[in-house]
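The structure under discussion appears below in the form of structure tokens.
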């Protein structure tokens, strides 16, 4: 769906007018400077308002706030869900995609995006004491303080094993502290148009003021899958990590993808090729999955589920919405 209501069209028209006015007075308008398609201003329309659509981001899937498609699937299996046909630029399923939510480990998608955009994957960083201080129930790569690990290896640990220790090590490598890295995350979120997102850590562990929306995560993930290295990492089923510990001895670990489709725990929906994505699970967020796949027509599909009641519910529901709205 690519239509929006008349009030929103008027609002968009006003924003376009303001932007044009700014352009006429200044070389650029700070309000729009380097922001890519904020959905506050990117929700677009067709027909007589096609110029607004072209101005605000014709490469995005857009829709209004009205839920649709819920009666065709077991929508009570999750709190929020959405299906986006990236190739057709259409939202084909909308279940609370603009609702504020807690993203859990899907936060790591933005962490990976920032690192991949700005870092040398062959760089080596030393894991800090802070990075390895994780709770007993925290998802980790079992890194130790003093380990010397490449950025490429840490990215695999964070995205496959969902290592919270790896996420912190990456943040400290990039910004020296997780606090400073969170500021970078929020700047990138805004740049990508994810204006209803605010992160305070790189791994998605429970924290006050750490939130997003499903549509914001679509915007972030849509940008990430444009990076070949990101697609390669999230599609990896198993990764053998080798690095040097604090005693200068080589350490080897095998990290497995938490995506149950790639693990073979749950069957892949008929007609789909699952490329990869990111899982997330906490008490606050429920069972979550951000997924990139291709349908039988080789169209790019992003499907997202947040707030799944159980892991089986999550994958059963993801299969339902892909089969019904992604084909």
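In this note's numbering, the protein residues as written are 88 to 414.
Glycine included, C-beta positions come from ideal geometry on N, C-alpha and C.
Contact between the region 361-376 and the region 387-401 is present: three or more C-beta pairs spanning the two stretches fall below 8 Å. DSSP places residue 171 in the strand class (E or B) of the three-state scheme. Following the DSSP letters along the chain, one finds residue 343 inside the beta strand (DSSP E) bounded by residues 337-343.
By the criterion of a C-beta distance shorter than 6 Å, residue 213 is surrounded in its chain by 235, once the five residues flanking it on both sides are discounted. In the displayed model, residue 294 falls within coil according to three-state DSSP, outside both helix and strand. Residue state for residue 210 is assigned as coil, using DSSP reduced to three classes. Taking a 10 Å sphere around the C-beta of residue 313, we find fewer than 16 other C-beta atoms and assign the residue as exposed. The residues 227, 251 and 252, in chain order, have a CB closer than 8 Å to that of residue 221 in the same chain once the five nearest residues on each side in sequence are set aside. When the Cα atoms are used, residue 207 and residue 380 turn out to be separated by approximately 27 Å. Counting only residues of its own chain and dropping the five nearest sequence neighbours on each side, residue 306 has a CB closer than 6 Å to the CB of 279, 280 and 281. About 7 Å separates the Cβ atoms of residue 188 and residue 301, confirming a contact at the 8 Å cut-off. Under the three-state reduction of DSSP output, residue 251 falls in the helix class. Apart from sequence neighbours up to five positions away, the residues of its chain that approach residue 193 with a beta-carbon distance below 7 Å are 291, 304, 365, 367, 375 and 377, ordered along the chain. Per DSSP, reduced to three states, the secondary structure at residue 307 is helical. Residue 380 has 361 and 388 as its beta-bridge partners, per DSSP. According to the DSSP assignment, residue 325 belongs to no alpha helix (DSSP H) but to the beta strand (DSSP E) extending over 325-331.
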